[in-house]
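Visitor: Can you keep this structure in mind? I'll have questions shortly.
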Amino acid sequence: MNSFEMIKYHSQQYPNSVPLRTEEIAAHFDIQSVAGNLEWSLHTEYSYGKRNFDSKLISKYPEIIEAQKDGVPQLWKNESWAAEFADFIITLVAGRKTPKVIEIHPPFNDYTDLSGFIASYSVFESKIKERFSETEILIENRCGSVYRGGKFLISKIQDVAALCDEIDRNRLSLKIAFDVPQIYTAHNASREAEYIYLLEKAKTVRQYIGGVHLWGKSLSATGRKVSHCGDLNTYFNDSAVKEVFLSAFCDCFNDGITRKMVLEVNSGNEDLISIVSDLQGSGVSFT
């Protein structure tokens, strides 16, 4: 059984067949307050581009402000940074809702390694779980940033597998928010065999995967493929390859575990509905 709980993304509208209990809430370093009608999945700083670091809230956290290069946040710089990051989130939601999910993102590899990240993250998890014992923490694999000098530490499938080994060894509660298109981008996957292989490798660590991200790509007016736009038809540009992908996707997560799903579609609502239709037509159910 392929079962997912959909997380509402931005102002997108969903078919009635997709229940919505939780919504994604922006919680990056330039955010000063949060609000939402459903349960919250906090999408914390992801270090794609520059931040201003000039809000009243972030001014309380000098370690976070100092950890940047040309304005791009350097996540998980050290254990003091991790402690401040936990405090930042706790303060951000104080007096409001307890977050159902906190989604975090990996550091760059020019200032830390996997063991350094685990040491810092452990401080964060301890502080968050002390305050929000039922909150799920997910880390998204990342690929692509304006940052110069290093790459994301958790980007390729072998990085995800190595992280899962450390999660197990350190008995952490951290799970993976498995972004399928970003895994494909990290590996420069462009062929049917590569799409299948990477999902087969993900299947070996699926017990650590707590959420999945999907989105499309479409051609711009200049002929460049734009991420988070379009649907699976424009992503694969071949209906037969799309069907092979959907089959491999369902096989990867056909274990009876209900996972979170975020469809990160920034183009028209029709593209999101198209992806939902493809998933449901392949046997995916939304609870």
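For the sequence shown, the positions run 311 to 597 when our numbering is used. Just so it is clear, CB atoms sit at the ideal spot from N, CA and C, and this is done for glycine as well. In this text, all values refer to a predicted model and were calculated from it rather than measured experimentally.
#1: For residue 311, write down the residues that DSSP places opposite it in a beta bridge.
#2: Quick check on this structure: which residue in 327, 427, 498 has the alpha carbon closest to the alpha carbon of residue 597?
#3: Go ahead and pull the three-state DSSP assignment for residue 555.
#4: Can you give, in chain order, each stretch of the beta strand (DSSP E) that sits fully within the region 500-585 and has at least 3 residues?
#5: So is residue 259 buried or exposed if we call it buried at 16+ other beta carbons inside 10 Å?
#6: Do residue 409 and residue 463 come within 8 Å of each other at the CB atom, strictly closer than that value?
#7: CB residue 468 to CB residue 421, shorter than 8 Å?
#8: Can you tell me whether residue 445 is helix, strand or coil according to DSSP?
#9: At which residues does the alpha helix (DSSP H) containing residue 355 begin and terminate?
#10: Should residue 456 and residue 392 be called a contact, given that it needs their Cβ atoms to be closer than 8 Å?
#11: Start and end of the beta strand (DSSP E) containing residue 377?
#12: Taking just the CA atoms, how far does residue 538 sit from residue 398?
#13: Between residue 379 and residue 454, is the Cβ-Cβ spacing less than 8 Å?
#14: Does the separation of the CB atoms of residue 366 and residue 396 fall below 8 Å?
Guide: Answer, in terms of the structure:
#1: As a position in the sequence shown, residue 311 is number 1, starting the count at 1. None, per the DSSP bridge assignment.
#2: The residue labelled residue 597 in the question sits at position 287 within the sequence shown. Taking only the C-alpha atoms, the option nearest residue 597 is 327.
#3: Here residue 555 refers to the residue found at position 245 of the sequence shown. In the structure shown, residue 555 sits in a helix (DSSP, three-state: H, G or I).
#4: The DSSP assignment places 519-524, 527-529, 535-537, 568-573 as complete runs of the beta strand (DSSP E) inside the region 500-585, in order along the chain (cut-off: 3 residues).
#5: Here the chain covers residues 311 to 597 and nothing more, so residue 259 does not appear.
#6: By 1-based counting over the sequence shown, the position of residue 463 is 153. By 1-based counting over the sequence shown, the position of residue 409 is 99. Result no, Cβ atoms of residue 463 and residue 409 do not sit closer than 8 Å.
#7: One-based indexing of the sequence shown puts residue 468 at position 158. One-based indexing of the sequence shown puts residue 421 at position 111. Contact: no.
#8: Position 135 of the sequence shown, counting from 1, holds the residue named residue 445. Residue state, collapsed to three classes: coil.
#9: Here residue 355 corresponds to residue number 45 of the sequence shown, with the count starting at 1. For residue 355, there is no enclosing alpha helix (DSSP H), as DSSP marks it with neither H nor E.
#10: For this step, residue 456 is matched to residue 146 along the sequence shown. For this step, residue 392 is matched to residue 82 along the sequence shown. No; because the gap between Cβ atoms is not below 8 Å, this pair is not in contact.
#11: As a working mapping, residue 377 is identified with position 67 in the sequence shown. Where residue 377 is concerned, there is no enclosing beta strand (DSSP E), given that its DSSP letter is neither H nor E.
#12: On the sequence shown, residue 398 is found 88 positions in, with the first residue counted as 1. On the sequence shown, residue 538 is found 228 positions in, with the first residue counted as 1. So the alpha carbons of these two residues sit roughly 28 Å apart.
#13: To locate residue 379, count along the sequence shown from 1; it is residue 69. To locate residue 454, count along the sequence shown from 1; it is residue 144. No, the Cβ-Cβ distance between residue 379 and residue 454 is not below 8 Å.
#14: Taking the sequence shown and counting its residues from 1, one reaches residue 366 at position 56. Taking the sequence shown and counting its residues from 1, one reaches residue 396 at position 86. No, Cβ-Cβ distance for residue 366 and residue 396 is not below 8 Å.
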